[in-house]
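Residue 228 is where the sequence shown starts when you use the working numbering, and the numbers rise one by one after that.
Here a beta-carbon is modelled for each residue, glycine too, at the ideal position from N, C-alpha and C.
One structure is given here, and the rest of the page talks about it.
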Amino acid sequence: MGGGAAPRPGVVDGERIVDLVEAAGDNGDPAPDSMLALLRLGEEGLDLARACLDRSKRTGDFAVPASEVRLAAPLPRPNSMRDFMLVEEHVKNSFGTVPEQWYRLPIHWKGNPDTVIGPDDEAPWPHYTDKLDFELEVAAVLGKRAFQVTPEQALDCIVGYTIFNDWSARDIQFREMEVKLGPAFGKDFATTLGPTLTTADSIDISTARMSARVNGETWSEGNLGAMVFSFAEVISTLSVDQPLQPGDVFGGGTIGRGCGLEMDRWIAPGDVVELEVEGIGVLRNPVGQKRPTPGYGIDLIRTTD
């Protein structure tokens, strides 16, 4: 939940939002002050959330109408973010062909956890891009530490799923990729998460319907369908040589025709982008005006010496 103060963890209960801090505190339980703190409690945290929800249903307390609450990103500052390319149609539509190594490696880039924005936040338009794009994705979120785990164990570490909008400055992204490093400037300025974190036992992410709308017009529809590697497989693979932590976010990659690049359709300043995933909700962001070129640093928009 968001507002004037720091976001507080809550549970969606139909048209109500249960305040976990108030409900837990009233019962004398530990009251995690953020969703990340809740996830770091592991199973104890989920049990606490369920107990708070049950207590609120019995008493009618600790909840406010959803219409009176402004949702923040479920993880305003994730422990880490990685974004994969796991859907073949998106790769083929974006690059024309599918590199052979795509079938062998869980290719990904690391996002910037300090530039996460939430539902209804304005998406920034960097000064150096003329082609800002959205990406319609689902992300898995860890609720347990994962180190040297099998895919079956990795699946048990996923606490839930959220919508992941990987805002992309396409023109500079492709310039970066010519050097075969990155993307960085093309991605790191903003990622939207939300509107909720839906528990893994409440959604089938392989069949959930997904859609993207711009100014109310549907641009794309589909679902994740078959991925070259599952979330469990990529988490297991990463965990072989690096410990993964609660609050780590793993984007699954854009679904086929889930971004403007694939359709050669481009958003503009002032547009409103809505990404919807059945079982998670609608993630809405207005697009900001292009920022002015600063008078310091390197002029990234230059194309010649």
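Neighbourhood of residue i by C-beta, 8 Å cutoff - its chain only, sequence neighbours within 5 removed
i, result
"residue 498", "441, 442, 513 and 514"
"residue 263", "302, 304, 305, 306, 473 and 474"
"residue 518", "351, 352, 353 and 354"
"residue 240", "280, 283, 284 and 290"
"residue 493", "358, 359, 360 and 487"
Residue i - DSSP class collapsed to helix/strand/coil
i, result
"residue 513", "strand"
"residue 503", "strand"
"residue 487", "helix"
"residue 317", "helix"
"residue 311", "strand"
"residue 378", "helix"
"residue 284", "helix"
"residue 477", "strand"
"residue 297", "strand"
"residue 527", "coil"
"residue 391", "strand"
"residue 424", "strand"
Sheet register partners of residue i (DSSP bridge)
i, result
"residue 437", "449 and 504"
"residue 329", "The partner list for residue 329 (beta bridge, DSSP) is empty, contrary to what the question assumes."
"residue 324", "Residue 324 is not bridged to any residue."
"residue 444", "441"
"residue 368", "387 and 476"
"residue 418", "343"
Classification of residue i by the beta-carbon crowding that lies within 10 angstroms, buried from 16 upward
i, result
"residue 311", "buried"
"residue 381", "buried"
"residue 406", "exposed"
"residue 391", "buried"
"residue 361", "buried"
"residue 452", "exposed"
"residue 525", "exposed"
"residue 397", "buried"
"residue 462", "buried"
"residue 408", "exposed"
"residue 277", "exposed"
"residue 470", "exposed"
"residue 367", "buried"
"residue 489", "buried"
Contacting residues, own chain, Cβ-Cβ under 7 Å from residue i (five flanking each side not counted)
i, result
"residue 250", "279, 282, 283 and 289"
"residue 315", "325 and 455"
"residue 404", "410"
"residue 256", "275"
"residue 445", "438"
Min CB distance residue i to chain B below 8 Å
i, result
"residue 238", "Any reference to chain B falls outside this structure, which holds one protein chain only."
Nonlocal neighbours in the same chain, by C-beta distance under 6 Å from residue i, ignoring five residues either side
i, result
"residue 516", "496"
"residue 503", "438 and 509"
"residue 345", "299, 300 and 421"
Do the stretch 284 to 293 and the stretch 447 to 464 meet, that is, are 3 or more Cβ pairs less than 8 Å apart? no
Determine contact between the stretch 426 to 442 and the stretch 500 to 512, defined as no fewer than three beta-carbon pairs at a distance below 8 Å. yes
Does the contact criterion of 3 or more C-beta pairs under 8 Å hold for the stretch 373 to 380 versus the stretch 409 to 424? no
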